[in-house]
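Step one of this worksheet: look at the structure below.
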Amino acid sequence: MEAFYAVILAAGAGTRMKSDRAKVIHELCGKPMVNWVIDAVKASGTENIIVVTGHQEDQVRACIKEKVEFVSQNEQLGTGHAVMQVKPLLQGKKGTCLILCGDTPLITSETIKQIVHEHNDNNRAMTVLTAIFEDPEGYGRIIRDHSGNVRGIVEHSDATSEQLRIKEINTGIYCFEIDYLLKSLENLSNQNDQNEYYLTDTLSIILENGGKVGTTTLGCTDEMMGINDRVQLAWAQKILNRRIIEKHMRNGVTFLNPDSCIVEHSVDIGRDTVIYPLTILEGNTKVGQNCIIGPNSKITDTLIGNNVTVLNSVTIESTIDDDTNVGPFAYLRPGNQIGKNVKIGDFVEVKKSVIGDHTKISHLAYIGDAEIGKNVNIGCGVVVVNYDGEKKHKTIVGDNSFVGCNVNLVSPVEVKANSFIAAGSTITEEVPEFSLAIARSRQTIIRDWVIRKGRLRGKKPEE
Ligand code: UD1
Ligand code: CA
Numbered sequence: 029m030e031a032f033y034a035v036i037l038a039a040g041a042g043t044r045m046k047s048d049r050a051k052v053i054h055e056l057c058g059k060p061m062v063n064w065v066i067d068a069v070k071a072s073g074t075e076n077i078i079v080v081t082g083h084q085e086d087q088v089r090a091c092i093k094e095k096v097e098f099v100s101q102n103e104q105l106g107t108g109h110a111v112m113q114v115k116p117l118l119q120g121k122k123g124t125c126l127i128l129c130g131d132t133p134l135i136t137s138e139t140i141k142q143i144v145h146e147h148n149d150n151n152r153a154m155t156v157l158t159a160i161f162e163d164p165e166g167y168g169r170i171i172r173d174h175s176g177n178v179r180g181i182v183e184h185s186d187a188t189s190e191q192l193r194i195k196e197i198n199t200g201i202y203c204f205e206i207d208y209l210l211k212s213l214e215n216l217s218n219q220n221d222q223n224e225y226y227l228t229d230t231l232s233i234i235l236e237n238g239g240k241v242g243t244t245t246l247g248c249t250d251e252m253m254g255i256n257d258r259v260q261l262a263w264a265q266k267i268l269n270r271r272i273i274e275k276h277m278r279n280g281v282t283f284l285n286p287d288s289c290i291v292e293h294s295v296d297i298g299r300d301t302v303i304y305p306l307t308i309l310e311g312n313t314k315v316g317q318n319c320i321i322g323p324n325s326k327i328t329d330t331l332i333g334n335n336v337t338v339l340n341s342v343t344i345e346s347t348i349d350d351d352t353n354v355g356p357f358a359y360l361r362p363g364n365q366i367g368k369n370v371k372i373g374d375f376v377e378v379k380k381s382v383i384g385d386h387t388k389i390s391h392l393a394y395i396g397d398a399e400i401g402k403n404v405n406i407g408c409g410v411v412v413v414n415y416d417g418e419k420k421h422k423t424i425v426g427d428n429s430f431v432g433c434n435v436n437l438v439s440p441v442e443v444k445a446n447s448f449i450a451a452g453s454t455i456t457e458e459v460p461e462f463s464l465a466i467a468r469s470r471q472t473i474i475r476d477w478v479i480r481k482g483r484l485r486g487k488k489p490e491e
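So the sequence shown is numbered by the numbering used here: it starts at 29 and just counts up by one.
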């Protein structure tokens, strides 16, 4: 395909979002709206991408890591005015310029290729991508003459009641011959309901100048959806999420109830992994092969090996190595490195800790700022007392140690390898290798105390 320029309009505020953030940086499946458009344009085969920014310019530009040229539109006086700002970059250039809006994140590279092809093959001055919408509310309508030739675009707020019945809409995606585009921009006026310079008016101006205008109409209308409010945002997110999950399913991942899961664009999943319902995989997350994730799990920025199970749990910024089981109801907070064949059982919270291979933390424990060795058993109710009210301290437990139930490890403290800690102990000093530590008072029995004190709560045994 011939090289072409692409202009993406992303300067508007998006008032209908009712948001403190610019519309085009609202995220869908973990990627800002405008980045979906940029990625589709890139994948269609052009490197010459110009993005028009204005409202919250710094924040919008900060979201865009790809190599693009930025142009400022300091006052947002309409889509036509936005393209006028690009004039200095296009002046003197020949060929095709694709223009699209930063608020149509569902557009695919295939569709972009198609409109550019049709535009070039038919030697047109302008091609408009149109769609047929059952509910065309809010969109510009395509006006045709009796022979079906396109004559113009009328915005919703300027349309007559008769025009409002037209179901063919302007998707906001166009191809222009650069000469015709630049010439038509000079003749735009803002004499309309919104007092804006409409890019859509270029169509009738180009016809007046003798240019050939045509349309490309696509069957699938999802793709053409422009996002103006939160209802449309939710719909678009659902469609993108479905596309992402279908890609994983085609690569050999099973989803038991795909519509109940959310998977961000950046996630990798290995084959034969099964994702149970109500699971969210987000950020820089990689899941290996043969894992079982979910139900009800939220996995954020987590690197998971092979044959791992994560059941009903939350994991953040952690790594989990092969053959390890997490959950049900575990909470892995940021900074953990969990080894191979480890068990992080029910109601266990782990933070900023290293857990060695084959170690078991089966139930009801808190492990924070700790280094737990290999093949360690952490009993039920063990708490690492890592915080003294001012600072966090570190605890180390050596390989093959056994920490009994309800032990407090008051940090900083070290339990050397191959040692035992008796249940209920509060450990404040180093435990040497091969030793048993007991740190609790001995049990005392006071015989007949209940009878002498008159504290019997039932009948006397001899009665
Ligand atoms: C626009 C079209 C409409 C089409 C619809 C498709 C016009 C006049 N109307 O309407 O025919 O059916 O898209 O979704 O073009 N923007 C700027 N600067 C501005 C104004 C807008 O950069 O001054 C950008 C916005 O950030 C947005 C895009 O242009 O990404 C579209 O603007 P928006 O206000 O949403 O246009 P619509 O009213 O939806
Ligand atoms: Ca729009």
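Every residue, glycine too, gets a C-beta built ideally from N, C-alpha and C.
Predicted, not measured: the structure shown is a model, and the values here were computed from it.
Task: Nearest-angstrom Cα separation, counted from Ile-290 out to Leu-261 - done: Here residue 261 refers to the residue found at position 233 when the sequence shown is read from its first residue. Here residue 290 refers to the residue found at position 262 when the sequence shown is read from its first residue. Their Cα atoms are separated by approximately 15 angstroms.
- [ ] Rounded to whole angstroms, what's the CA-CA distance from Lys-240 to Arg-152? Just pull it up for me.
- [x] One-based indexing of the sequence shown puts residue 240 at position 212. One-based indexing of the sequence shown puts residue 152 at position 124. Distance between the alpha carbons of Lys-240 and Arg-152: 5 angstroms.
Task: Distance cut-off 7 angstroms: Asp-131 Cβ against heavy atoms of ligand 1 - done: For the purposes of this step, residue 131 is taken as residue 103 along the sequence shown, with counting starting at 1. Yes, since a heavy atom of ligand 1 falls inside the 7 angstroms radius drawn around the Cβ of Asp-131.
Task: 8 angstroms Cβ cutoff met for Asn-215 and Glu-183 - done: Counted from its first residue, the sequence shown places residue 215 at position 187. Counted from its first residue, the sequence shown places residue 183 at position 155. Not in contact: Asn-215 and Glu-183 (Cβ atoms no closer than 8 angstroms).
- [ ] Note the first and the last residue of the continuous beta strand (DSSP E) segment covering Ser-137.
- [x] By one-based count along the sequence shown, residue 137 stands at place 109. Going by DSSP, Ser-137 is part of no beta strand (DSSP E) but of the alpha helix (DSSP H) stretching over 137–149.
Task: Ile-327 and Ile-321 closer than 8 angstroms at C-beta - done: Locating residue 327 in the sequence shown gives position 299, counting from the first residue. Locating residue 321 in the sequence shown gives position 293, counting from the first residue. Cβ atoms of Ile-327 and Ile-321: closer than 8 angstroms.
Open item on the list: Quick check on the DSSP output: the alpha helix (DSSP H) that includes Gly-108 runs from which residue to which?
Closed with: By 1-based counting over the sequence shown, the position of residue 108 is 80. Boundaries of the alpha helix (DSSP H) harbouring Gly-108: 107–112, taken from the DSSP string.
- [ ] Have a look at Gly-367, Asp-350, Val-376, Thr-343 and flag the residue whose alpha-carbon is nearest the alpha-carbon of Arg-508.
- [x] The question about residue 508 has no answer, for the chain in this structure spans 29 to 491.
Open item on the list: Which residue wins for smallest C-alpha separation from Gly-168, given the options Asp-229, Asn-148, Ile-143?
Closed with: Reading the sequence shown from its first residue, position 140 is the one you call residue 168. Nearest Cα to Gly-168 within the set Asp-229, Asn-148, Ile-143: Asp-229.
Task: Three-pair Cβ contact test at 8 angstroms for the stretch 102–117 versus the stretch 51–68 - done: By the Cβ rule, the stretch 102–117 does not count as touching the stretch 51–68, because fewer than three pairs are nearer than 8 angstroms.
- [ ] Could you check the C-alpha separation between Leu-227 and His-276 for me, to the nearest Å?
- [x] In the sequence shown, the residue the question calls residue 227 occupies position 199. In the sequence shown, the residue the question calls residue 276 occupies position 248. Spanning the two alpha carbons is a distance of roughly 39 angstroms.
Open item on the list: Taking 7 angstroms as the cut-off, is the beta-carbon of Gly-401 closer than that to any non-hydrogen atom of ligand 2?
Closed with: Residue numbering aside, residue 401 sits at position 373 when the sequence shown is read from its first letter. Within the chosen limit of 7 angstroms, ligand 2 does not reach the beta carbon of Gly-401 with any heavy atom.
- [ ] With hydrogens ignored, establish whether the beta-carbon of Gly-247 is closer than 7 angstroms to any heavy atom of ligand 1.
- [x] The count along the sequence shown starts at 1 and reaches residue 247 at position 219. Not so, every heavy atom of ligand 1 lies at least 7 angstroms from the Cβ.
Task: Supposed contact pair Ile-135 and Ala-159 - C-beta distance, whole angstroms, cut 8 angstroms - done: In the sequence shown, counting from the first residue as 1, residue 159 sits at position 131. In the sequence shown, counting from the first residue as 1, residue 135 sits at position 107. With a Cβ gap of about 11 angstroms, Ala-159 and Ile-135 do not count as contacting.
TODO: Would you kindly work out how many angstroms separate the C-alpha atoms of Lys-420 and Glu-55, rounded to a whole number?
DONE: For the purposes of this step, residue 420 is taken as residue 392 along the sequence shown, with counting starting at 1. For the purposes of this step, residue 55 is taken as residue 27 along the sequence shown, with counting starting at 1. Rounded to whole angstroms, the gap between the alpha carbons of Lys-420 and Glu-55 is 35 angstroms.
- [ ] Spell out the partners DSSP gives Asp-296 in its beta bridges.
- [x] By 1-based counting over the sequence shown, the position of residue 296 is 268. Paired residue(s): Lys-314.
- [ ] Would you give the residue range spanned by the beta strand (DSSP E) that Leu-437 belongs to?
- [x] As a working mapping, residue 437 is identified with position 409 in the sequence shown. Annotation: the continuous beta strand (DSSP E) that includes Leu-437 extends over 436–438.
TODO: Taking only the alpha-carbon atoms, compute the straight-line gap between Asn-312 and Asn-177 and give it to the nearest angstrom.
DONE: The sequence position of residue 312 within the sequence shown is 284, counting from 1. The sequence position of residue 177 within the sequence shown is 149, counting from 1. Going by C-alpha positions, Asn-312 is about 49 angstroms away from Asn-177.
Task: Exposed unless 16 or more other CB atoms sit within 10 angstroms - verdict on Ala-496 - done: Residue 496 lies beyond the range of the chain shown here (29 to 491); nothing can be said about it.
Open item on the list: For the beta strand (DSSP E) containing Asp-374, name the first residue and the last one.
Closed with: The residue you call residue 374 lines up with position 346 of the sequence shown. Taken as a continuous stretch (DSSP letters only), the beta strand (DSSP E) holding Asp-374 covers 371–379.
TODO: Quickly, what does DSSP pair Ile-194 with across the bridge? List them, please.
DONE: As a working note, residue 194 is residue 166 in the sequence shown. Answer by DSSP bridge pairing: none, since Ile-194 is not bridged.
TODO: Indicate whether the contact test is met: 3 or more Cβ pairs, each with one atom in the stretch 70–88 and one in the stretch 201–214, closer than 8 angstroms.
DONE: Inter-segment contact for the stretch 70–88 and the stretch 201–214 is absent: fewer than three beta-carbon pairs are separated by less than 8 angstroms.
Task: Local Cβ density within 10 Å of Thr-244, reported as buried at 16 or more and exposed below that - done: For the purposes of this step, residue 244 is taken as residue 216 along the sequence shown, with counting starting at 1. Burial call: buried.
Task: Contact check, Lys-314 vs Ile-303, beta carbons under 8 angstroms - done: Along the sequence shown, one-based indexing puts residue 314 at 286. Along the sequence shown, one-based indexing puts residue 303 at 275. No, the pair does not count as a contact, with Cβ atoms beyond the cut-off.
Task: Nearest-angstrom Cα separation, counted from Val-382 out to Thr-347 - done: Looking up residue 347 in the sequence shown gives position 319. Looking up residue 382 in the sequence shown gives position 354. Near 10 angstroms, if we compare the C-alpha coordinates of Val-382 and Thr-347.
Open item on the list: Which same chain residues end up closer than 7 angstroms to Val-281 when comparing Cβ atoms and leaving out the 5 residues on each side of it in sequence?
Closed with: Position 253 of the sequence shown holds residue 281. Counting only residues of its own chain and dropping the five nearest sequence neighbours on each side, Val-281 has a CB closer than 7 angstroms to the CB of Ile-297, Arg-299, Thr-301, Ile-303.
TODO: Could you give the DSSP three-state label for Cys-433: helix, strand or coil?
DONE: Taking the sequence shown and counting its residues from 1, one reaches residue 433 at position 405. Cys-433: coil per DSSP, three-state reduction.
Open item on the list: ligand 1 and Val-99: does any heavy atom of the ligand fall closer than 7 angstroms to the residue's C-beta?
Closed with: Looking up residue 99 in the sequence shown gives position 71. The answer is no for Val-99.
Task: Any chain C beta carbon closer than 8 angstroms to Val-99 - done: Of the protein chains in this structure there is only one, and it is not chain C.
Open item on the list: What I want to know is whether the C-beta of Asn-340 ends up closer than 7 angstroms to one or more non-hydrogen atoms of ligand 2.
Closed with: The residue given as residue 340 occupies position 312 in the sequence shown. Not under cutoff, so the answer is no.
TODO: Identify whether Ala-153 lies in helix, strand or coil by the three-state DSSP scheme.
DONE: To locate residue 153, count along the sequence shown from 1; it is residue 125. In the three-state reduction of the DSSP assignment, Ala-153 falls in the coil class, being assigned neither a helical nor a strand state.
Task: Contact under 8 angstroms by Cβ, Val-443 with Ile-473 - done: Looking up residue 443 in the sequence shown gives position 415. Looking up residue 473 in the sequence shown gives position 445. Going by C-beta atoms, Val-443 is not nearer than 8 angstroms to Ile-473.
Open item on the list: Could you pull the DSSP bridge partners for Ser-100 from this structure?
Closed with: In the sequence shown, the residue the question calls residue 100 occupies position 72. Ser-100 pairs with Thr-81.
Open item on the list: Could you give the first and the last residue of the continuous beta strand (DSSP E) run that contains Val-410?
Closed with: Taking the sequence shown and counting its residues from 1, the one referred to as residue 410 is at position 382. Judged by DSSP secondary structure, Val-410 falls outside any beta strand (DSSP E); it is assigned neither H nor E.
Task: Cβ-heavy atom distance, Asn-256 to ligand 2, below 7 angstroms - done: As a working note, residue 256 is residue 228 in the sequence shown. Asn-256 Cβ: within cutoff of ligand 2.
Task: Straight-line Cα distance separating Gly-82 from Val-114 - done: As a first step, residue 114 is located in the sequence shown; it is residue number 86 there, counting from the start. As a first step, residue 82 is located in the sequence shown; it is residue number 54 there, counting from the start. Cα to Cα, Val-114 sits roughly 13 angstroms from Gly-82.
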